[in-house]
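Single-structure report; data block below.
Number of protein chains: 2
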Amino acid sequence: MMIMEKTKKFILPETEIPTQWYNVTAEMKNKPQPMINPQTKEPLKAEDLYPLFAEELSRQEMNQTDAWIDIPEEVREKYKIYRPSPLVRATALERALDTPAHIYFKNESVSPVGSHKLNSALPQAYYNKIEGTTNITTETGAGQWGTALSFAAKTFGLELAVYMVKISYEQKPYRRSLMQTWGAQVIPSPSMSTKAGRKILTEHPNYQGSLGTAISEAIELAMQTPKCKYTLGSVLNHVALHQTIIGLEAEKQMAMADEYPDVVIGCFGGGSNFSGISFPFLRHNIAGKTTTRFIAAEPASCPKLTRGEFRYDFGDETGYTPLIPMYTLGHKFAPANIHAGGLRYHGAGSIVSQLLKEKLIEAVSVKQLETFEAGVLFARTEGIVPAPESTHAIAVAVREALKAKEEGKKKVILFNLSGHGLVDMAAYDQYLAGDLTNHEVSDEEIARFLAES
Amino acid sequence: MMIMEKTKKFILPETEIPTQWYNVTAEMKNKPQPMINPQTKEPLKAEDLYPLFAEELSRQEMNQTDAWIDIPEEVREKYKIYRPSPLVRATALERALDTPAHIYFKNESVSPVGSHKLNSALPQAYYNKIEGTTNITTETGAGQWGTALSFAAKTFGLELAVYMVKISYEQKPYRRSLMQTWGAQVIPSPSMSTKAGRKILTEHPNYQGSLGTAISEAIELAMQTPKCKYTLGSVLNHVALHQTIIGLEAEKQMAMADEYPDVVIGCFGGGSNFSGISFPFLRHNIAGKTTTRFIAAEPASCPKLTRGEFRYDFGDETGYTPLIPMYTLGHKFAPANIHAGGLRYHGAGSIVSQLLKEKLIEAVSVKQLETFEAGVLFARTEGIVPAPESTHAIAVAVREALKAKEEGKKKVILFNLSGHGLVDMAAYDQYLAGDLTNHEVSDEEIARFLAES
Chain A
130 MMIMEKTKKF ILPETEIPTQ WYNVTAEMKN KPQPMINPQT KEPLKAEDLY
180 PLFAEELSRQ EMNQTDAWID IPEEVREKYK IYRPSPLVRA TALERALDTP
230 AHIYFKNESV SPVGSHKLNS ALPQAYYNKI EGTTNITTET GAGQWGTALS
280 FAAKTFGLEL AVYMVKISYE QKPYRRSLMQ TWGAQVIPSP SMSTKAGRKI
330 LTEHPNYQGS LGTAISEAIE LAMQTPKCKY TLGSVLNHVA LHQTIIGLEA
380 EKQMAMADEY PDVVIGCFGG GSNFSGISFP FLRHNIAGKT TTRFIAAEPA
430 SCPKLTRGEF RYDFGDETGY TPLIPMYTLG HKFAPANIHA GGLRYHGAGS
480 IVSQLLKEKL IEAVSVKQLE TFEAGVLFAR TEGIVPAPES THAIAVAVRE
530 ALKAKEEGKK KVILFNLSGH GLVDMAAYDQ YLAGDLTNHE VSDEEIARFL
580 AES
Chain B
130 MMIMEKTKKF ILPETEIPTQ WYNVTAEMKN KPQPMINPQT KEPLKAEDLY
180 PLFAEELSRQ EMNQTDAWID IPEEVREKYK IYRPSPLVRA TALERALDTP
230 AHIYFKNESV SPVGSHKLNS ALPQAYYNKI EGTTNITTET GAGQWGTALS
280 FAAKTFGLEL AVYMVKISYE QKPYRRSLMQ TWGAQVIPSP SMSTKAGRKI
330 LTEHPNYQGS LGTAISEAIE LAMQTPKCKY TLGSVLNHVA LHQTIIGLEA
380 EKQMAMADEY PDVVIGCFGG GSNFSGISFP FLRHNIAGKT TTRFIAAEPA
430 SCPKLTRGEF RYDFGDETGY TPLIPMYTLG HKFAPANIHA GGLRYHGAGS
480 IVSQLLKEKL IEAVSVKQLE TFEAGVLFAR TEGIVPAPES THAIAVAVRE
530 ALKAKEEGKK KVILFNLSGH GLVDMAAYDQ YLAGDLTNHE VSDEEIARFL
580 AES
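Order-wise, the sequence lines are chains A and B.
Heads up, the first sequence stops at 582 in my numbering, and the numbers go up one at a time, no gaps.
Heads up, the second sequence stops at 582 in my numbering, and the numbers go up one at a time, no gaps.
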């Protein structure tokens, strides 16, 4: 018999899909500072958000008191299309690294849209629908959020317009096709369809777009259209809330494996999947029961957590959003055209920013070539080709596993595989052909963008 | 509360992954006629296949006596990466069609390579490895088989060269990238690297390739390389055998749903996924216990089952394979460039051909536009964007469901979702833009190719 590693996959029954999301702010000793209404300069109230977001989402956004929020039955029903997602022990990767570490990953790539984004797209579409919204708008970077919302909007009977960052629109045509197949309208951003888009195109005709600009455009369209609301796929508290379903399931599955993570890792754009995998475990740290480390893995070319400034900033390029207390590179920051389009965002959500300020979580940055090296190794061992975003988490998991090997000690590592890369193969092509490069940003550039913002 | 359909997914525990494959030939009253050695004109013996295939695979190919063949423990371990695959009741599709039919699909798209092909790729790589093979070759049409074998070869430590049908190589660059990411070498076929390829390129310089030609090239390379064997992803009996894991799991899952299929549907290229979903249920028909219908769904542009001839023919374009008793359009048949590249094959496996001849199964053909219409409807209801091949099965399931509505009676329909279409989005783009057309083949063309072959 050939000697091979065992395949270890931990599957929960559907009855174990959580019935509530976890709201970490309710249990944080120091709450995030309030968002600020830029007109009144007053702390934001839920009602201030009603013109923009569904009312229930606005209330979730401001809720700092209830640790558990019920998941509507209709949303939980649709979660069953792909949930519970598997937890997998990456035994073939462990063997390839020859490490004593145990590496687990939560496989969010099994959703039909290919990523964790559906976890928040479904409730966002649902709440809008029951409140009488007929149309929604959004932005998308790599296209993961846009594809998820396209299917969610179709499921609950809403029309959807997606502003897609232009560089991704061109680099990732398959994601555009996916959105259209699910029935959404897709517009490359910056576009001439909004004031925000026209302004930036006038000033920078060749600008390849950013999430910040696309958000401005999607907000503007929503504000000008009756029965139309805006939705966002990351950064905001209610998005992190919905994503906690990842960590809540993973907690039960780690118990099935009879282990508990020493380190939890997620890639980091605005914070949605990192928050989702981390917060449910973090609550045991907050309660003083565990000392798990939480590592956000961001691209070296967009290093808001490791090299940004903590301050109030806008969530979008034009300044339509409330002011958010965040680690930021400045809302005018124009990131390099890396393939991990979903991580090309200037700021971090307010909860994650507060946690980082208090050192309750950590952050590291990874260069593009290291992420693809890790991604190819993962594909060749575990079989799944990871999204360029997710490869950041894998790269940091590999670092931690190799450190465990050096130190000769067992360590339990858990990372979130936020999505697969089947529609990002052009990026792998470039990597395998040796045509990919690292992109770094200088201190001077960061200082300049912060000063401009 | 919003009134919506329930999501119904049937999940087996890993312990229920079958431990044996089902060999339908052992229970067929009339066995398929023997394959013929074209040199000796004698019925083929297993040993005749040893130069080409792993010995155990050769024996499986010729086995007409054992109804159950053990799955090696190492293969079953690797099956756990994605198996058991879910059985899903397509409640949202049913609602959209307003049909009394219950529509179930077996979701083979959950494999990391995106299709059912891994079910046979893993055992084929495994048997080659333990018999001392170091290199394997194969062909691929749409790329589903090539990607599966790339990961399987990497898993068991074999080098792999894939001849990819040129039209797919160009239409589906992401599948080429996938194979390369998993470490395989990919050559567009026809190529100048083999006699077979050079001959056809000389005669038809712009020939876009076919599975038949790619098979010839892969066989030729294997025959000329030491410790190198050839592998095939469809048509042959041992491939159908491995794929029965689909139907064996589905049988258990239908029991969980407390239903039994009146109709079983699979798309049809060479027969692998159709055989896989059908044979385990067919055995109850053979035993006289059930009267389930089995429908093979083939493209109108490559209608070997509905308009081909039953006769001995080669499995490849050049004539390197044994003579196989099959429904065929002639081994020189050059199919139109439809997007369902995996169904562009001139012949059918010998078991399926025998079953069709005896009317134990049925076949229908579907035009390209109807398949994409069904595929988009499926994506918008069930969330999964199906492979262009799989849309043929969906289209026939939709026909059957609408017939049930007309007749006002309940009917239980089961189809195999052989794979997802995430790397086939260019095809959906064309469909949504109105640029796709139907391709039909005239009786004269069929007669001409049959005469030439």
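Cβ atoms here follow ideal geometry from the backbone N, Cα and C, with glycine treated the same way.
Cα-Cα separation, residue i to residue j
{"i": "B:L226", "j": "B:I316", "result": "43 Å"}
{"i": "A:K160", "j": "A:G478", "result": "13 Å"}
{"i": "B:V495", "j": "B:A250", "result": "28 Å"}
{"i": "A:F423", "j": "A:A230", "result": "16 Å"}
{"i": "B:G548", "j": "B:P390", "result": "21 Å"}
{"i": "A:A175", "j": "A:N152", "result": "16 Å"}
{"i": "A:T360", "j": "A:T267", "result": "5 Å"}
{"i": "B:A282", "j": "B:L289", "result": "7 Å"}
{"i": "A:G399", "j": "A:F544", "result": "17 Å"}
{"i": "A:L278", "j": "B:A221", "result": "17 Å"}
{"i": "B:K258", "j": "A:M133", "result": "13 Å"}
{"i": "B:R440", "j": "B:E573", "result": "18 Å"}
{"i": "A:P517", "j": "A:S238", "result": "12 Å"}
{"i": "A:G376", "j": "A:A425", "result": "15 Å"}
Own chain, CB closer than 7 Å to residue i, minus 5 neighbours either side, in chain order
{"i": "A:S381", "result": "Just to set this straight, residue 381 of chain A is Lys in the shown sequence, not Ser. So the qualifying residues of the chain are L141, E145."}
{"i": "B:K324", "result": "E349"}
{"i": "A:L485", "result": "L434, Y456, A492"}
{"i": "B:L365", "result": "E190, G478"}
{"i": "B:P163", "result": "P172, L173"}
{"i": "A:A526", "result": "I232, I394, I542, F544"}
From the options, residue whose alpha carbon lies closest to that of residue i
{"i": "B:V552", "options": "B:Y298, B:A290, B:K235", "result": "B:Y298"}
{"i": "A:A271", "options": "A:M554, A:K137, A:I259, A:Q193", "result": "A:M554"}
{"i": "B:L330", "options": "B:T447, B:A576, B:T420", "result": "B:T447"}
{"i": "A:I210", "options": "A:N192, A:N366, A:L186, A:N248", "result": "A:N248"}
{"i": "A:T150", "options": "A:I198, A:E171, A:T420, A:A533", "result": "Sequence inspection shows Trp at residue 150 of chain A; the Thr mentioned does not correspond to that position. Residue A:I198 is the option with its Cα nearest to A:W150."}
{"i": "A:P355", "options": "A:E156, A:I265, A:G398", "result": "A:I265"}
{"i": "B:R224", "options": "B:L546, B:N166, B:K135", "result": "B:K135"}
{"i": "A:E581", "options": "A:D442, A:K538, A:A469", "result": "A:D442"}
{"i": "A:Q351", "options": "A:T420, A:Y179, A:S404, A:T276", "result": "Checking the sequence, you will find Ala at residue 351 of chain A rather than Gln. Here the closest residue by C-alpha is A:Y179."}
{"i": "A:G550", "options": "A:T500, A:E574, A:S571", "result": "A:T500"}
{"i": "B:K488", "options": "B:I415, B:Y303, B:A556", "result": "B:I415"}
{"i": "A:P451", "options": "A:L370, A:T154, A:A425, A:Q168", "result": "A:Q168"}
{"i": "A:E143", "options": "A:A183, A:A384, A:E206", "result": "A:E206"}
{"i": "B:K170", "options": "B:Q253, B:I453, B:Y474, B:A503", "result": "B:I453"}
Neighbour-count burial assignment, residue i, 16 or more Cβ in a 10 Å radius
{"i": "B:E123", "result": "Since the first and last residues shown for chain B are 130 and 582, residue 123 of chain B lies out of range."}
{"i": "B:N402", "result": "buried"}
{"i": "A:S363", "result": "buried"}
{"i": "B:M293", "result": "buried"}
{"i": "A:S420", "result": "Per the sequence shown, the amino acid found at residue 420 of chain A is Thr instead of Ser. Classification for A:T420: exposed."}
{"i": "A:M157", "result": "buried"}
{"i": "B:D445", "result": "buried"}
{"i": "A:G286", "result": "exposed"}
{"i": "B:K538", "result": "exposed"}
Close Cβ partners of residue i (< 6 Å) along its chain, the five nearest in sequence each way excluded
{"i": "A:Q273", "result": "S244, K246, G471, G548"}
{"i": "A:R218", "result": "K137, Y233"}
{"i": "B:S240", "result": "Y211, L247"}
{"i": "A:R327", "result": "M321"}
{"i": "A:M385", "result": "F139"}
{"i": "B:E185", "result": "Y256"}
Cβ shell of residue i (< 8 Å), same chain only, five flanking positions each side left out
{"i": "A:E378", "result": "L141, E145, I146, P147, R212, P213, S214, L216, K235"}
{"i": "A:A429", "result": "S494, V495, K496, Q497, N567, H568, E569, V570"}
Element boundaries [alpha helix (DSSP H), containing residue i]
{"i": "A:S320", "result": "Looking at the DSSP string, A:S320 is not in any alpha helix (DSSP H), and its letter there is neither H nor E."}
{"i": "A:Y557", "result": "554-561"}
{"i": "B:V481", "result": "479-486"}
{"i": "A:P302", "result": "302-310"}
Opening and closing residue of the beta strand (DSSP E) in which residue i lies
{"i": "A:L289", "result": "288-294"}
{"i": "A:W150", "result": "149-151"}
{"i": "B:V493", "result": "491-495"}
Cβ-heavy atom distance, residue i to the ligand FAD, below 6 Å
{"i": "B:A277", "result": "Annotation note on the ligand FAD: not contained in the displayed structure, which lists no ligands."}
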